[in-house]
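Participant: Pasting a structure here, questions to come.
4 protein chains.
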Amino acid sequence: MSIQNPVFIPGPTNIPEALRHAMNAPTRDHRAPDFVDLLKPLLADLKPVFGSTTAEVFLYPGTGTGGWEAALTNTLSPGDGVLVARYGMFSHKWIDMAQRHGLDVRVIETPWGEGAPAAAFEAALRADTEGRIKAVLVTHNETATGVRSDIAAVRAAMDAAGHGALLMVDGVSSIASMPFEMDAWGVDLAITGSQKGFMLYAGLGIVAASPKALAAMETACLPRTYFDFRDMLATTKTGGFPYTPPVQLLYGLRTALDMLNDEGLDAVYARHARLAEGVRRAVAAWGLKVVAARPELQSETVTAIYVPEGFDSNALVNHAFRAYGVSFGVGLGEMNGRAFRIGHLGMLTDVMVLSGLATIEMAMADLGYPVTLGTGVAAAQAYYRKTAGQALQAAA
Amino acid sequence: MSIQNPVFIPGPTNIPEALRHAMNAPTRDHRAPDFVDLLKPLLADLKPVFGSTTAEVFLYPGTGTGGWEAALTNTLSPGDGVLVARYGMFSHKWIDMAQRHGLDVRVIETPWGEGAPAAAFEAALRADTEGRIKAVLVTHNETATGVRSDIAAVRAAMDAAGHGALLMVDGVSSIASMPFEMDAWGVDLAITGSQKGFMLYAGLGIVAASPKALAAMETACLPRTYFDFRDMLATTKTGGFPYTPPVQLLYGLRTALDMLNDEGLDAVYARHARLAEGVRRAVAAWGLKVVAARPELQSETVTAIYVPEGFDSNALVNHAFRAYGVSFGVGLGEMNGRAFRIGHLGMLTDVMVLSGLATIEMAMADLGYPVTLGTGVAAAQAYYRKTAGQALQAAA
Amino acid sequence: MSIQNPVFIPGPTNIPEALRHAMNAPTRDHRAPDFVDLLKPLLADLKPVFGSTTAEVFLYPGTGTGGWEAALTNTLSPGDGVLVARYGMFSHKWIDMAQRHGLDVRVIETPWGEGAPAAAFEAALRADTEGRIKAVLVTHNETATGVRSDIAAVRAAMDAAGHGALLMVDGVSSIASMPFEMDAWGVDLAITGSQKGFMLYAGLGIVAASPKALAAMETACLPRTYFDFRDMLATTKTGGFPYTPPVQLLYGLRTALDMLNDEGLDAVYARHARLAEGVRRAVAAWGLKVVAARPELQSETVTAIYVPEGFDSNALVNHAFRAYGVSFGVGLGEMNGRAFRIGHLGMLTDVMVLSGLATIEMAMADLGYPVTLGTGVAAAQAYYRKTAGQALQAAA
Amino acid sequence: MSIQNPVFIPGPTNIPEALRHAMNAPTRDHRAPDFVDLLKPLLADLKPVFGSTTAEVFLYPGTGTGGWEAALTNTLSPGDGVLVARYGMFSHKWIDMAQRHGLDVRVIETPWGEGAPAAAFEAALRADTEGRIKAVLVTHNETATGVRSDIAAVRAAMDAAGHGALLMVDGVSSIASMPFEMDAWGVDLAITGSQKGFMLYAGLGIVAASPKALAAMETACLPRTYFDFRDMLATTKTGGFPYTPPVQLLYGLRTALDMLNDEGLDAVYARHARLAEGVRRAVAAWGLKVVAARPELQSETVTAIYVPEGFDSNALVNHAFRAYGVSFGVGLGEMNGRAFRIGHLGMLTDVMVLSGLATIEMAMADLGYPVTLGTGVAAAQAYYRKTAGQALQAAA
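Here it is in structure tokens:
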């Protein structure tokens, strides 16, 4: 028997039938005159998901990492200053990329479990009297720690410092699952991928660029071709693509947008918040602690959970996979061995979450964790039960 | 969001990916010379699942009900005596069919929750000194009550009575999930369908007939064409089919047999037994009772559970569906309103079962049942946990 | 390389992507309260395809052959007279079924290539002064010969004879592809299947019954359970089903009806007529003759073509399959070895038809037929070319 | 009716059922311990398709264009000399990329219809006494003109010049469809994609690098992160991936490799050559000319065909799409309006090719081309017919 349990990793997510169908399409000619009828509405309909009316959206065959590179290389030049805080594996990786592209990266080391430090950003920007800092980079939802940063606060800090740097935000594991307000927050570049909130296969890096970012594009000197905004703008304007587009993913994205809109973005966000709260109640019932330092930092798409002293989170995740055929997120970077993660985003129901909680309880019990079987499940049930009504309404 | 939770009905079952793929096939010509390469091995490879080396197997576009009709009409004549016990909805329906086809049906009324009454059969057969009874009909696994009858005991009763009637067994919800020994038990006609142990779409009635049954075919006078064994024998001998075969279901059946054989039939049976025991432990933890009157009668594919006095099992099943998007089996016939059913057959893991238990717990709590959240889950977890090792091995 | 050429058999047809997707669905509970939302509109929306506003529609897990049996057993009693002409393999098989069910079958032998003989029917009905004939059976589109009978003429003959027999019509290879007017033609029982005009997998027998047929049901004595209209009526009234329905086929049928309606039934019929005419022009260009005796008898869904004297049509069909991986229809019954068939129904384009014509030209050339490569293709191209405009409009 | 004709563009190709199934997979955790079991054999099994035993293979979520960028940025530094000939749209685009990445690009303008000019390369390399040229770039199969260059001749020229530049070859539309001998030809970097010879969805850029290329990697200074070989080497060594891999494409690639190996690479190449020759015979029968200047330059995967004076190839391709629902390749760059292209690679049969030829004949006739219907089809039939035997053997 092949095992077909849902996954509880923070992306790629479980894929709805409708999206698997949409992506299971025969070959169509991307140079045919009807390709424009697919592409243009897609680019337009992505804007509301980013919370923008003015951004240009770019779709790359690639991943969120490719989206990071597109954001940096299209708007910056070698030696440009970049301000960024390191508080997780994904902020770390973006820092590394910026350094390798010859940028002058100013890193604010921040404890893992915390989010973007608005006050420290403000101070650094105020100190940059010569305007060397051209961009502030923020990981909205740090997937490694389950921490959501306050982008509005970062924007406020930038405004308070009167600094004109671009604001670049990695929204890979937040966009389409948690509120994202590109225009309201003054975000210049926002990046996401196909395999999280959009519930598709991995394979698309999605970038939204503000008019200010597009203006910066004109003078940016970092070399680029594959990720060049200009090639995209030149071709997609007429419904073309600078190279072979992954049309099946575009079909899937079309259907994903329709699904999100049918449910309503606010309902989508509420559903994720509800699933997350159930998981956190289970964690509390187990007597464990989440990595996010404070409640307001808790992500609605992924929860990172410290294992007790003396236990190895990798062993736990491996055991759950090998013994029960269920995938959870391992601890990354500083969290390696210290925390495991439960992804609760995309196509997921309370019923599916309960199966994940039941599984990790068994796995913890198997490995001698001081956890009582059924306790986390019961805590989540109690929460989901009280709140099932509104969730079902949203799902109808 | 479309809801994609597993179902916990006693069939159709959740369908493995591999079988959905196999059934999602483009049109092939069933009159092409290669059709025989599909059909003949299929018929041969079904025999071991029935526990027979000598039976002929028939595949009908239809259902198990069609299989019942094939068994009756191919071997009996108007006015023939038929001995059968009524102890559930499906035995009741087969009785009804026999009556409508003009057979002389002798019904032994048996309490629901009990199985086939071997002693009463023996007595009735001994009393039939004129040999009017031509067939004994037994529902192996009464899906309405979660009761498995002892076919070997029925055979022993027939032998003890020295009676030559045919033994017809409905194995719709047992075959391919629970041990079935057509030859060893002296079964003459065994019936199943595609949508239970074979984990396929509904749409195939599958019948196995012993040499004795085929001999009876020669003189049977009940009218039949669609279900006529003779047309099937004449055409399938040369790799044909008497009408358009459902080739996609045949492709699926091919793959299903391969999957069952890869796992090993004994492992398949053990897996079902394990899943069933976990469910029963949950029931006990809830303080509820199963319908099966005694442990040895408990089915490994479906558990029927009495709701407490004053509760309506239909309301429970409907609530679970409407509030949580999960399907359980309603109470049928005498069990209508009094019992609900949890199907645990086919492509199902312990993790999936736990999600079903968690769901029905929430639903019971919502409706005021005296059930503590998490208790049934914990009882099943404790059992599945201890036994996960061997199950995973089987699944690998 | 697996070969994925289209098939040119007269059903099962090539399956549109949308229908494969619709049928590739996970398990849903057919006893859940939402099943009725699927079934009831389905039964209602089938009526216009039958050309009826008053018929009851029945959906059987089965085939068209099962539909024949449903029609006979639900309305007739042993010994009832049945009037029918034999002019092809499928009329022959229905005759055989009627005989085996104990009906008094009066067969008018008719040359293959001709259709239903209205005048002979009228004479036979006038001679039946005692009203022994309870039903007239007509194969609308004889798939073995590519002949379409004139049902309106049969009705006129019955009316002229003033005879009250039921009119039963096999529309398996015509309904949903060619005009069918159940009400206007006074048809009492019309039968079709899922795998022809509906472009689905085989596995559904579909029967429509007029009020007069339903009245006959009350007194009909032929034994039946699986195909009993009464069980269907009793259960589908409340959205249930007398046994496990093949829900995936029902999902497919839902989408098929939507596709047919989106295109418009008249456009569907016109498309088939256009494809058929192109095939016939190719046949003429090859210097071959169709089996249909006169132009007005030519079917729009299948063309049967005589091979020249001294050639074996079976060898041709087998060669096309083995050498080019393309399936055509073999000659059946009297046409065995004498004719081959090109199916042109369901999801098929002119472009696909041309590939079939090109293939059979190669196969004929390989086997020494006096046929010039490209001639049939050119004749069909010339026709399709002139008429491509309107076809594309219909397809848009 | 949705139209489902095959496409005749030079990629993405028509997709075999088996590959669509393989890519239609639920989410699996790419960090689970079994991911390595997928990735490592994949990388190993790609080598023979490149014709190499020593290369490292890299799989990028991206396209062939991304593969070009990976090749350049991983082995070169700003200002490095690059020698390349422009003889089509794809060589032109690679030149453009090299220029935008700050390389010193020395372009040999070559007539479109010709291939890589080995003699001119040799002269340029001999003249480069200071060794400024670090790489020679060659488009193996110029998809815009249907021209295959002689890579062995380029290698011979480099050797004759005694020059140590890297040899980079774009094999996007040749690899896995036409012979490619990376080791024998001394290719250092070879690039392809998933959507041509591998018959998958677009979305993978595939690069093979020789040991010499990997040595160059150590000193290459062009900035790169997403496409950095080093990140790939570091992670795939342990079965990981530097970012989220497109696992469904990897599943598809696994199955594609199995299919190619089952058929045998030589048989795959022979099949493409056979299909190509049939197309060229049709072109000759129409009295048209292919773009490839000489027979030895003719590609086996795509044929570019000049339209007669006074006709617009874009109008032809658009008409075929709009009137018949069939996609052909438009003329690109210098060929814009002057030539159209027929792709004949990937999952394609002779029967499918004939439908394409029949379609373009109709389209040409519709637009007044001096082409006789059926003539091209007949010429291809005559060729395919004689040679069907061996092709079928390969396909079995």
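Just so you know, the sequences run in chain order A, B, C and D.
In our numbering, each residue's number is its place in the first sequence (first place is 1) plus 31.
In our numbering, each residue's number is its place in the second sequence (first place is 1) plus 31.
In our numbering, each residue's number is its place in the third sequence (first place is 1) plus 31.
In our numbering, each residue's number is its place in the fourth sequence (first place is 1) plus 31.
Just so you know, even glycine gets a beta-carbon here, dropped at the ideal spot from N, CA and C.
#1: Going by DSSP in three states, R3(D) sits in which element: helix, strand or coil?
#2: Using a 10 Å radius around the Cβ and a threshold of 16 neighbouring Cβ atoms, would you call G341(A) buried or exposed?
#3: Our contact map puts Y118(C) next to E173(C) with C-beta atoms below 8 Å; I'd like the distance itself, whole angstroms only.
#4: Evaluate D262(C) with the Cβ neighbour count: other Cβ atoms within 10 Å of its Cβ, from every protein chain shown; 16 or more gives buried, anything less gives exposed.
#5: According to DSSP, is N172(A) helix, strand or coil?
#6: What did DSSP end up calling Q35(D) once you bin it into helix, strand or coil?
#7: Applying a beta-carbon distance threshold of less than 7 Å, which residues of chain D neighbour Q412(C)?
#8: Inspect the beta-carbon positions of P37(C) and S330(C) and report whether they are closer than 8 Å.
#9: Are L103(D) and T267(D) closer than 8 Å when you measure CB to CB?
#10: For the beta strand (DSSP E) that T223(A) lies in, which residues bound it at each end?
#11: Do A150(A) and R137(A) have their C-beta atoms closer together than 8 Å?
#12: Kindly say whether M128(B), judged by its beta-carbon, lies nearer than 8 Å to any beta-carbon of chain C.
#13: Using a Cβ-Cβ cut-off of 8 Å, state whether L90(B) counts as contacting chain C.
#14: Is T44(B) close to chain D, meaning its C-beta is less than 8 Å from at least one C-beta of that chain?
#15: I need the boundaries of the beta strand (DSSP E) containing Y91(A), first residue and last residue.
#16: Please list the terminal residues of the continuous beta strand (DSSP E) segment that includes I139(A).
#17: So does the segment 312-321 of chain C actually touch the segment 404-412 of chain C, counting three or more Cβ pairs closer than 8 Å?
#18: Which parts of the segment 291-372 of chain B are runs of the beta strand (DSSP E), unbroken and 3 residues or longer, counting only runs that do not cross its ends?
#19: If the cut is a Cβ gap below 9 Å, which residues of chain C does F352(B) touch?
#20: Suppose you measure from the CA of R302(A) to the CA of A75(C); what does that come to, to the nearest Å?
#21: Rounded to whole angstroms, what is the Cα-Cα separation between S205(B) and T332(B)?
#22: Distance check for G368(C) and N345(C), CA to CA, integer angstroms please.
#23: Below 7 Å CB to CB, which residues in the same chain sit around L253(C) once its five sequence neighbours on both sides are set aside?
#24: Cα separation between M199(D) and M128(D)?
#25: I need the DSSP call for R179(A), collapsed to helix, strand or coil.
#26: Let me see if you follow: with CB-CB separation under 8 Å, is D428(D) close to chain C or not?
#27: Can you grab the Cα-Cα spacing for the pair T390(A) / G93(D), in whole Å?
#28: Closest to Y416(B) by C-alpha separation, out of S83(A), A396(A), P43(A) and Y414(A), would be which residue?
#29: Are the C-beta of T286(C) and some C-beta of chain B separated by less than 8 Å?
#30: Using the Cα positions of Y91(A) and S122(D), report the straight-line distance between them to the nearest angstrom.
#31: With 8 Å as the threshold, decide whether the Cβ of M48(D) is near any Cβ in chain B.
#32: Can you name, in chain order, every residue of its own chain whose Cβ lies under 6 Å from the Cβ of L77(B), other than the five neighbours on each side?
#33: Closer than 9 Å by beta-carbon distance: list the chain C residues that pair up with E145(B), in chain order.
#34: Roughly how many whole angstroms lie between the Cα atoms of K320(D) and T406(D)?
#35: Would you report the Cα separation of T418(D) and V357(C), rounded to the nearest angstrom?
#36: Strictly by DSSP, which residues pair up with L281(D)?
Facilitator: Let me lay it out:
#1: Outside the displayed range of chain D (32 to 427) lies residue 3(D), so it cannot be described from this structure.
#2: Here residue 341(A) refers to the residue found at position 310 of the first sequence. That one is exposed.
#3: Walking along the third sequence from the start, residue 118(C) turns up at place 87. Walking along the third sequence from the start, residue 173(C) turns up at place 142. Going by Cβ atoms, the distance from Y118(C) to E173(C) rounds to 6 Å, so yes, they are a contact pair.
#4: As a working mapping, residue 262(C) is identified with position 231 in the third sequence. D262(C) is buried by the Cβ-count criterion.
#5: Against the first sequence, residue 172(A) aligns to sequence position 141. Three-state result, N172(A): strand.
#6: Walking along the fourth sequence from the start, residue 35(D) turns up at place 4. Three-state DSSP puts Q35(D) in coil, outside helix and strand.
#7: The residue you call residue 412(C) lines up with position 381 of the third sequence. Within 7 Å Cβ-Cβ: A389, E392, M393, L404 and G405.
#8: Start at 1 with the first residue of the third sequence, and residue 37(C) comes out as number 6. Start at 1 with the first residue of the third sequence, and residue 330(C) comes out as number 299. No, they are not a contact pair.
#9: Here the question's residue 103(D) lines up with position 72 in the fourth sequence. Here the question's residue 267(D) lines up with position 236 in the fourth sequence. For L103(D) and T267(D), no; Cβs fall outside 8 Å.
#10: Within the first sequence, numbered from 1, the residue matching residue 223(A) stands at position 192. Taken as a continuous stretch (DSSP letters only), the beta strand (DSSP E) holding T223(A) covers L220 to G224.
#11: As a first step, residue 150(A) is located in the first sequence; it is residue number 119 there, counting from the start. As a first step, residue 137(A) is located in the first sequence; it is residue number 106 there, counting from the start. It is not a contact, given that the beta carbons lie outside the stated cut-off.
#12: Counted from its first residue, the second sequence places residue 128(B) at position 97. Yes, M128(B) counts as interfacial toward chain C.
#13: Start at 1 with the first residue of the second sequence, and residue 90(B) comes out as number 59. Chain C contact via Cβ: absent.
#14: The sequence position of residue 44(B) within the second sequence is 13, counting from 1. So no, T44(B) is outside the interface.
#15: Counting from one through the first sequence, the residue named residue 91(A) turns up at place 60. Note, Y91(A): beta strand (DSSP E), E87 to P92.
#16: Within the first sequence, residue 139(A) is the residue found at index 108, counting from 1. First-last of the beta strand (DSSP E) with I139(A): D135 to E140.
#17: yes
#18: 333-337
#19: Within the second sequence, numbered from 1, the residue matching residue 352(B) stands at position 321. D60, A63, P64 and D65, listed in chain order.
#20: For the purposes of this step, residue 302(A) is taken as residue 271 along the first sequence, with counting starting at 1. For the purposes of this step, residue 75(C) is taken as residue 44 along the third sequence, with counting starting at 1. Going by the C-alpha atoms only, they are around 37 Å apart.
#21: Start at 1 with the first residue of the second sequence, and residue 205(B) comes out as number 174. Start at 1 with the first residue of the second sequence, and residue 332(B) comes out as number 301. For S205(B) and T332(B), the distance between alpha carbons rounds to 7 Å.
#22: Stepping through the third sequence from its first residue, residue 345(C) is reached at position 314. Stepping through the third sequence from its first residue, residue 368(C) is reached at position 337. Whole-angstrom Cα-Cα distance: 5 Å.
#23: Numbered from 1 along the third sequence, position 222 holds the residue referred to as residue 253(C). Taken in chain order, the residues that qualify are L103, T104, L107, S108, P109 and H132.
#24: As a first step, residue 199(D) is located in the fourth sequence; it is residue number 168 there, counting from the start. As a first step, residue 128(D) is located in the fourth sequence; it is residue number 97 there, counting from the start. The alpha-carbon atoms of M199(D) and M128(D) are separated by roughly 14 Å.
#25: Sequence index remark: in the first sequence, residue 179(A) carries index 148 (1-based). Note: R179(A) maps to strand in three-state DSSP.
#26: Lying outside 32 to 427, the shown extent of chain D, residue 428(D) is not represented and no answer is given.
#27: To locate residue 390(A), count along the first sequence from 1; it is residue 359. To locate residue 93(D), count along the fourth sequence from 1; it is residue 62. Those two C-alpha atoms are separated by around 36 Å.
#28: Locating residue 416(B) in the second sequence gives position 385, counting from the first residue. The residue asked about is misnamed: residue 416(B) is Arg in this sequence, not Tyr. The residue with the shortest Cα to Cα distance from R416(B) is A396(A).
#29: Within the third sequence, the letter at position 255 stands for residue 286(C). Cβ-Cβ to chain B under 8 Å: no for T286(C).
#30: Here residue 91(A) corresponds to residue number 60 of the first sequence, with the count starting at 1. Here residue 122(D) corresponds to residue number 91 of the fourth sequence, with the count starting at 1. Whole-angstrom Cα-Cα distance: 22 Å.
#31: Along the fourth sequence, one-based indexing puts residue 48(D) at 17. Note that residue 48(D) corresponds to Glu in the displayed sequence, not to Met. Closer than 8 Å to some Cβ of chain B, the Cβ of E48(D) qualifies, so yes.
#32: If you number the second sequence from 1, residue 77(B) lands on position 46. Only V88 meet the Cβ criterion.
#33: Translated into the one-based positions of the second sequence, residue 145(B) becomes position 114. Within 9 Å Cβ-Cβ: nothing; E145(B) doesn't reach chain C, min ~24 Å.
#34: The residue labelled residue 320(D) in the question sits at position 289 within the fourth sequence. The residue labelled residue 406(D) in the question sits at position 375 within the fourth sequence. Distance between the alpha carbons of K320(D) and T406(D) is about 15 Å.
#35: Here residue 418(D) refers to the residue found at position 387 when the fourth sequence is read from its first residue. Here residue 357(C) refers to the residue found at position 326 when the third sequence is read from its first residue. Distance between the alpha carbons of T418(D) and V357(C): 16 Å.
#36: Mapped onto the fourth sequence, residue 281(D) falls at position 250. According to DSSP, L281(D) bridges with nothing at all.
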